[in-house]
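Counting with my numbering, you get residues 793 to 1010 for the letters of the sequence shown.
Even glycine gets a Cβ: it sits at the ideal position worked out from N, Cα and C.
Note that the coordinates shown come from a computational prediction; the quantities given were computed from them, not determined experimentally.
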Amino acid sequence: MIKLVIFDLDGTLLYTLEDLANSCNFVLEKYGQPKHTIDEYRYLVGSGVEVLLQKAFGDSFSLQNKQFVLENFLEYYAVHQYDTTRPYAEIPFVLHVLQEQNKMLAVASNKMDKATKLLIHKYFSNINFNVVLGASNDMPTKPNPAIINKILSLCGVKKEETIYIGDSNIDMETAKNAGVKSIGALWGYRSKKELVESGADFLALSPIDIVEFIANNL
């Protein structure tokens, strides 16, 4: 039986793509670099802010300007992170149903820990997440399984009692590395092909499928 449901944040619980893209494009323009389209950002986000900036800037992202670029991005994103960000349709309902079923809920994100916690509090203040973790100096980014292992330890739950839900190859690889089952979120930023090829155990066309999978004991 599944006791713990762990969610990725960006592209799984929340649509954050435009705010991330606009923040990154702001910094690119500031440094005289070409901007990227929203669709291009679907494949730039997901590995944390430093990797996002490295991919967006390419060779012009040097050790000399790295810290300044990061600071500029974080300052802009702090002001604009709620402009277009929103929960995906059905996600609030699904979280409520899982909570009513006494499932333990957690978030494992490559977004910085502070931003992860702020977003969860703003959009899901009525949901009692057991653990919410983002990237930090003490927490390596996914697909390193450390974040999943930390959640399992804090919740006192076995791997076979856990399911991890995400929208990218990084998420599916994280689940595999941690030894837990995974659900690929087809409503997110990446393709069905990517999720299948990266080893998703199940595919959810919409968030409501999560409840169905868990009700059927997967």
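Original post:
If you follow the beta strand (DSSP E) that residue 956 is part of, which residue opens it and which one closes it?
Top reply: 954 to 958
Original post:
Which partner residues of residue 973 appear in the DSSP bridge assignment?
Top reply: 955
Original post:
Should residue 981 go down as buried or exposed, given a rule of 16 or more other Cβ atoms within 10 Å for buried?
Top reply: buried
Subject >> Buried/exposed call for residue 971, threshold 16 Cβ in 10 Å >> reply: exposed
**OP:** Following the continuous beta strand (DSSP E) through residue 1003, name the residue where it begins and the one where it ends.
**Re:** Residue 1003 -> not in any beta strand (DSSP E); alpha helix (DSSP H) instead, spanning 1000 to 1007.
Original post:
Could one say the Cβ of residue 992 lies closer than 8 Å to chain C's Cβ atoms, at least one of them?
Top reply: Included in the structure is just one protein chain, with no chain C present.
Original post:
Helix, strand or coil: how does DSSP classify residue 918 here?
Top reply: coil
Subject >> Ordered list of alpha helix (DSSP H) runs contained in the region 828 to 892, each at least 4 residues >> reply: 830 to 833, 841 to 849, 858 to 872 and 883 to 892
**OP:** Can you grab the Cα-Cα spacing for the pair residue 942 / residue 930, in whole Å?
**Re:** 11 Å
Original post:
In terms of residue numbering, what span does the beta strand (DSSP E) encompassing residue 798 cover?
Top reply: 796 to 799
Original post:
Would you say the region 976 to 990 touches the region 946 to 956, given that touching needs at least three Cβ pairs under 8 Å?
Top reply: no
Subject >> Beta-carbon contacts of residue 926 that lie in its chain and below 6 Å, excluding the five residues immediately before and after >> reply: 901, 903, 904, 905 and 908
Original post:
So, residue 959 versus residue 829, is the Cβ gap smaller than 8 Å?
Top reply: no
Original post:
Does the distance from the C-beta atom of residue 911 to that of residue 844 stay below 8 Å?
Top reply: no
Original post:
By the 10 Å Cβ neighbour count, where 16 or more other Cβ atoms means buried, how is residue 946 classified, buried or exposed?
Top reply: exposed
Subject >> Boundaries (first-last residue) of the alpha helix (DSSP H) holding residue 812 >> reply: 809 to 822
Subject >> Sequence-distant residues of the same chain with beta carbon closer than 8 Å to residue 965, five excluded per side >> reply: 934, 935, 990 and 991
**OP:** Pull up the distance between the alpha-carbon of residue 918 and that of residue 885, whole angstroms please.
**Re:** 11 Å
**OP:** Kindly give me the distance between the Cβ atoms of residue 799 and residue 899, rounded to whole angstroms, as I take these residues to be in contact under 8 Å.
**Re:** 5 Å
Subject >> Separation of residue 793 from residue 896, as counted between CA atoms >> reply: 12 Å
**OP:** Return the Cβ separation of residue 1011 and residue 796 in integer angstroms, given the expectation that the two are a contact with Cβ distance under 8 Å.
**Re:** Nothing about residue 1011 can be read from this structure; the chain reaches only from 793 to 1010.
**OP:** Alpha carbon to alpha carbon, how far is residue 864 from residue 807? Give it in angstroms, no decimals.
**Re:** 22 Å
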